[in-house]
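Going down the list, the protein sequences come from chains A and B.
Per the working numbering, residue 7 is the first one in the first sequence, and the count goes up by one each step.
Per the working numbering, residue 2 is the first one in the second sequence, and the count goes up by one each step.
By construction, the Cβ of each residue, glycine as well, lies at the ideal position given by its N, Cα and C atoms.
Below is one structure, written out as structure tokens; the observations come after it.
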Amino acid sequence: MKTTPIIGFEVHVELKTKSKMFCSCDATHFQIEKNTHTCPVCLGFPGTLPVPNQTAIDYCIKLGQALNCEINHISFFERKHYFYPDLPKGYQITQLQKPFAINGFLEIDGQKVRVNRAHMEEDAGKLMHENGQSHIDFNRAGVPLIEIVSEPDLTSSEIAKKYLNKIQQIVRYLGISDADIDKGSMRCEPTVNLKVESASGGKTFYTPLVEIKNIAALNGCIDALEFEINRQIKQWEETHEIKSGTNKTTRGWDADKKETYLLRAKGGNADYRYFPEPDIPPFEFTDEKINEIKQQIPELPDAKIKKYQELGISLLDAESLADDQKFALCFEKAISLDPKNAKAITNLFLGTLKIDLDLDKINPQYFKDLIESLNKNEISSTVAKQIILESYQENKNPLDIAKSKNLLQNSNTDELEEIAKKVIAENQKAVDDYKKNPNSVGFLIGQLMKASAGSANPTLAKEILEKLLK
Amino acid sequence: MDNKLNAFITIIEKPASGIPIAIKDNICTKNIKTTAASNVLKDFIPTYSATIIERLEAAGYSVIGKTNLDAFAHGSSTENSDFGVTHNPHDFDCLPGGSSGGSAAAVGAGLVDFALGTETAGSIRQPAAWCGVVGLKPTYGYVSRFGVIAMASSMDCPGPITKTATDAAKILEIISGHDPLDATSLNVPPYKFCKLKIENLKIGVPSSYLKIVTPEILEKFNQVLEVYKKLGHEIVEIEMMDPSISIAVYTILQRAEVSSNLSRYDGIRYGGPRTVFNQENERRILTGTYVLAAGSYDQYYLKAQKVRTLIINDFDEQFKNVDIIMAPTTPTTALPIGSSTDDPMFGENADQLVEPSSLAGVPGISIPCGFIGKLPVGFQIIGPHLSENLIINTAILYEDNANNRI
């Protein structure tokens, strides 16, 4: 029997626009005094009307294009009806038939993950239950959300994690959301089931769909998927139940117990009685407008990774460099005078400089000078890593720092030979070891480095030791 | 006087000193109870005023009271009000029409010269005709809906109910024009009345409309046409879609939007629970919920939208050949109190001559044109989108030349 997970995602991204989706209330709601960012519109008072936030719509069209989507030339909002205390109007304004963006994809490890849609909607309020009472905070009601719906193209929890990482990266690169899963500005709801192929071949089965809710962390999402995949394998072995139109269930994730639990079994689909929102006229987007927004999309991680690889940087390092946009831009500025040495500068960035950097404080000349000295063996790579951080923090040329601290590398053969002789004389046991096993020269090099207070050129030190011990 | 009429739900004890105006009680007024004539909102005091109220107050008008209506504007009689029926000022045993029955009765009784109503399909023009006053339903989107408690959002139009067409023009000048708080509001400047010298009008009269009115009303209407003929205007008979088709379309679309718009009244943040909706409200919520359900959406809602497009096209086509369309406003004069209570389609039948133009979003004005017995008769002038100035001037022409003015 061979089982393959089938995973799809609904990802909600909360936009960091100044105002809410359909009114002028402040859209921030995290740790804000309850029900202070509200008005008659987002409270759904009688007679109030929604006026769409143009910036939020532009963000959706931008994100759609960054996810390789087509932008619908005609789009409209619809009402999705259900009763819930946190939903002030008794319906959510969202999109069903004509979302702003459709038919996109992301590439994960060379595999295409199709994006069905990126649509715009409003968030609901927040329910809190304490001491047997329920409270509603409407600060979040009406905050703009983009929902990104993937096709079920993900086949493992590892790929799922990469997919979520990539969405988070893109959203952050576009500057449209903090995409912070812990704070709820990015929410992930996977749907997962299994494709089961019998060992004898021929027959394929699909297990019932399970949607997982209440995931509050990226790692939690992966843990939940792994738990669920294993649970479904066991369940399949016990029941052999296959997917039907009515046996989709919703399970919650318990992060403490690290297990999913049954929330509700849906008997078919709920009827939300969608219909076009009569309070908001349809939108028409010209190619010109769509292109204008596309021009505002910055270079995205994939393009950066490719660019870095072309400079001789490994895939893994390129991914690390491109992970955060500001960090990547600092790196690009640092290598701007010296792109052929990008690999050496990468080591600095992924070493001591892997901190929150300020683009204005990056001086490419310093990097050029440092790498030149490194290449001329004037300083060691250890020293380079050490002084670049100070150079960045103090805005000083790293070579001046090296000079003032006496960290320039000693490449004087005569001086090193003197030290080497002394080291050999003082370490008879290591010398004997070396005679038996030439690979043990490292210890003697280390002693030499120590004796030179770290200033010896290690390559030269090794050559001299080997010559003297021949 | 109002004790007998019951035109008002709320009367302001000491109104400000501006020009008095009565406001239909589904239009939000800051710090003044706004009930939509429903027990659901019987204690609701808005913290904000509708855009049109702010504009009227800025122009020197003062709200003197909030007028009765069918609860949530569901009806054409005011009999569906949770605060009791309003009486027709010309015959207390008769209905004033509705849903803006309180506003029309207040102006008809001479309690006030200016009132605001709202029309979704007939709710300004029909009570205006029955109460012997002028009712203007503007082009959809010309007057802001912000602060107007929604009935059917895609058709709701606030508008004036007054004694004369000139007064209606005055109010329209103040309340019309773009409102950034209403996304469906047209991006046009406010209306400005401008006296037109009306000559050689080509007036279309839809024969299908005349088939469903009483002989007495037809006679009154023919007298109206005579006035225009004498002034040298041309009357042409036109063929329009049977107005009964509009009843079906309107019933489906309006109920669908009603079921959605009334979802917010869940009794959690304000107002009474859903159990206090009256029977007509419940009927409409249930029908609307049904037509939007997954299994019936295509068959009802979608099909009705398609026919609505045909109705819009029908008007567009007619206005290529005629300048305006004229017809009686209602098939009958005011009916006795009690007529609507056991007839869920009462309003749709009473409003069938005004529903097609409401669905098309074009403007119309109802003008009094005499009496049958004690009861007034009205006729309507319908024009293309944003032709308010033409229909108002055409109405003034009648007022100036007919000898049966009220």
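- The three-state secondary structure of Ala184/B, taken from DSSP, is coil.
- The beta-carbon separation of Glu128/A and Phe28/A, rounded to 6 Å, stays under the 8 Å limit for a contact.
- The C-beta of Val250/B comes no closer than 8 Å to any C-beta of chain A.
- Asp143/A counts as buried, since at least 16 other C-beta atoms from the protein chains shown sit within 10 angstroms of its C-beta.
- Thr167/B carries a helical assignment under DSSP once its states are collapsed to helix, strand and coil.
- For Asn314/B, there are no CB contacts under 8 Å within the same chain when 5 residues up- and downstream are skipped.
- At a cut-off of 8 Å between beta carbons, Lys95/A contacts chain B.
- Here the C-alpha atom of Val119/A lies approximately 21 Å from the C-alpha atom of Ile221/A.
- DSSP places Asn416/A within a strand segment (E or B) once states are collapsed to three.
- Taking the Cβ atoms as the reference, Ala62/A lies roughly 4 Å from Pro150/A, within the contact range of under 8 Å.
- Contacts with chain B at 8 Å (Cβ-Cβ) include Val57/A.
- If you draw a 10 Å sphere on the C-beta of Pro288/A, you find fewer than 16 other C-beta atoms in it, and that means exposed.
- Contacts between Phe45/B and chain A, judged by CB atoms closer than 8 Å, involve Pro52 in chain order.
- Look at the stretch 57 to 73 of chain A: the residues with a C-beta under 7 Å from a C-beta of chain B are Val57 and Pro58.
- Inter-residue distance for Ile361/A and Glu421/A is about 38 Å (C-alpha atoms, whole angstroms).
- For Phe89/A, a Cβ of chain B is located within less than 8 Å of the residue's own Cβ.
- When rounded, the separation of the alpha-carbon atoms in Ala106/B and Asp157/B is 21 Å.
- The beta-carbon separation of Ile176/B and Pro159/B, rounded to 7 Å, stays under the 8 Å limit for a contact.
- Nearest to Met241/B by alpha-carbon distance, out of Val228/B, Ser209/B and Ser77/B, is Ser209/B.
- In the three-state reduction of the DSSP assignment, Tyr192/B falls in the coil class, being assigned neither a helical nor a strand state.
- Listed by position along chain A, the residues whose Cβ is nearer than 8 Å to that of Phe147/B are Gly53, Thr54 and Leu55.
- For Leu117/B, no Cβ of chain A is located within less than 8 Å of the residue's own Cβ.
- The beta carbon of Phe291/A does not come within 8 Å of any beta carbon belonging to chain B, so the residue lies off that interface.
- Annotation for Phe15/A: Ile154, Val155, Ser156, Leu160, Ala166, Tyr169, Leu170, Cys194, Glu195, Pro196 and Thr197 place their beta carbon closer than 8 Å to its own, counting only its chain and skipping 5 residues before and after.
- Cβ contact annotation for His88/B (same chain, cutoff 6 Å, sequence separation greater than five): Leu6, in chain order.
- Put simply, the backbone Cα of His179/B is about 20 Å away from that of Leu391/B.
- By the Cβ rule, the stretch 77 to 87 of chain B counts as touching the stretch 334 to 349 of chain B, because three or more pairs are nearer than 8 Å.
- At a cut-off of 8 Å between beta carbons, Tyr302/B contacts chain A.
- Note: Val237/B is bridge-paired with Gly205/B in the DSSP secondary-structure output.
- Between the C-alpha atoms of Ser162/A and Ala230/A there is a straight-line separation of about 12 Å.
- Shown here, Cys45/A sits in coil according to DSSP, grouped into three states, outside any helix or strand.
- The stretch 277 to 296 of chain A and the stretch 315 to 335 of chain A do not touch, with fewer than 3 CB-CB distances between them shorter than 8 Å.
- If you look at Met455/A, you'll find it isn't in any beta strand (DSSP E); it sits in the alpha helix (DSSP H) that goes Val447 to Ala457.
- Inter-residue distance for Gly138/A and Asn262/B is about 32 Å (C-alpha atoms, whole angstroms).
- For the set Glu200/B, Glu227/B, Ile199/B and Lys198/B, the Cα lying nearest the Cα of Val206/B is the one of Glu227/B.
- Per DSSP, Ile13/A lies in no alpha helix (DSSP H); the unbroken beta strand (DSSP E) holding it starts and ends at Lys8 to Glu20.
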